[in-house]
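First comes the structure, then the notes that go with it.
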Amino acid sequence: MNRILLLFLLLTLHSCASVPLSTMVKMSTFDTQDFIKLNEDELRVKIMLPQGFKLNSDKSWLGIDIKSAAGKHQGIFELDQDYEKVISQSRGFLEKSELVTAYTLRLSEVSKVKFRNLQKFLSRASAEDIHIRVVPKLKFIPEGAVSVQVWVDLLLSKAQGYFTLVNAAQLPLNKLRQK
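First residue of the sequence shown? That's 0 in numbering that gives the first Met the number 0, and the numbers climb one at a time after it.
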């Protein structure tokens, strides 16, 4: 069985995103069979933004690119918003928590079908590489802001719970503006 290398990209930034070591360790053992077993109804993406910023859930998406012996597959999965709520989020070690808006998103009905097709594609050949990215688009940006701190969590199964993809990454706003 081939070992899958999961690279988490938030946008196509050249800067280093804050990916926790625990996430890298967890995903280094994640393989093709684990991916095929995922239930598309359980998948969730949680994007957290500081107060004053507003996510455009309709334009935000989940991307999964797979390279295997059977070929390449590039999937863009539209997301629907489950809910949004204000929570307290740690900004980092020894820093005060701040209030952020947490947006919980799920695969749209159309994307669920696309996701099942991707799983079928993987059943033909083991993946060599899987790249997962979450692309948040912003609906509202406070005046004068040039960057935003972003947290992104992923839920692959309810039993395992959320794990952090990106922890407090500072992103330039020119990449996140609604287009």
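Note that CB positions come from ideal geometry on N, CA and C, so glycine has one too.
Alpha carbon of residue i to alpha carbon of residue j, nearest angstrom
| i | j | result |
| --- | --- | --- |
| Ser-89 | Met-47 | 11 angstroms |
| Ser-179 | Ala-124 | Given a span of 0 to 178 for the chain in the structure shown, any question on residue 179 remains unanswerable. |
| Gly-160 | Leu-137 | 26 angstroms |
| Val-165 | Val-151 | 5 angstroms |
| Leu-172 | Leu-155 | 28 angstroms |
| Ala-144 | Lys-119 | 43 angstroms |
| Thr-60 | Glu-94 | The question names Thr, but residue 60 is Trp in the sequence shown. Going by the C-alpha atoms only, they are around 30 angstroms apart. |
| Lys-53 | Val-99 | 10 angstroms |
| Asp-30 | Asn-38 | 15 angstroms |
| Ser-87 | Val-112 | 35 angstroms |
| Arg-101 | Lys-58 | Arg is not the amino acid found at residue 101; the sequence shown has Ala there. Ala-101 and Lys-58: Cα-Cα distance of roughly 16 angstroms. |
Local Cβ density within 10 Å of residue i, reported as buried at 16 or more and exposed below that
| i | result |
| --- | --- |
| Lys-45 | buried |
| Asp-33 | exposed |
| Pro-135 | buried |
| Ser-56 | buried |
| Tyr-82 | exposed |
| Val-133 | buried |
Residue i - DSSP class collapsed to helix/strand/coil
| i | result |
| --- | --- |
| Gln-50 | coil |
| Glu-77 | strand |
| Asp-57 | coil |
| Glu-108 | helix |
| Ile-129 | strand |
CA nearest to the CA of residue i, picked from the options
| i | options | result |
| --- | --- | --- |
| Asp-40 | Tyr-161, Ala-168, Lys-157 | Lys-157 |
| Glu-142 | Asp-57, Gly-51, Tyr-102, Asp-128 | Gly-51 |
| Glu-97 | Asp-64, Lys-53, Val-85 | Val-85 |
| Ala-180 | Asp-128, Val-149, Lys-58, Ala-168 | Residue coverage of the chain in this structure runs from 0 to 178, which leaves residue 180 outside it and unanswerable. |
| Gln-148 | His-130, Lys-58, Leu-104, Leu-170 | Leu-170 |
CB of residue i within 8 angstroms of CB of residue j, strictly
| i | j | result |
| --- | --- | --- |
| Leu-117 | Gly-74 | yes |
| Lys-66 | Ala-126 | yes |
| Leu-106 | Leu-42 | yes |
| Phe-114 | Phe-162 | no |
| Asp-79 | His-130 | no |
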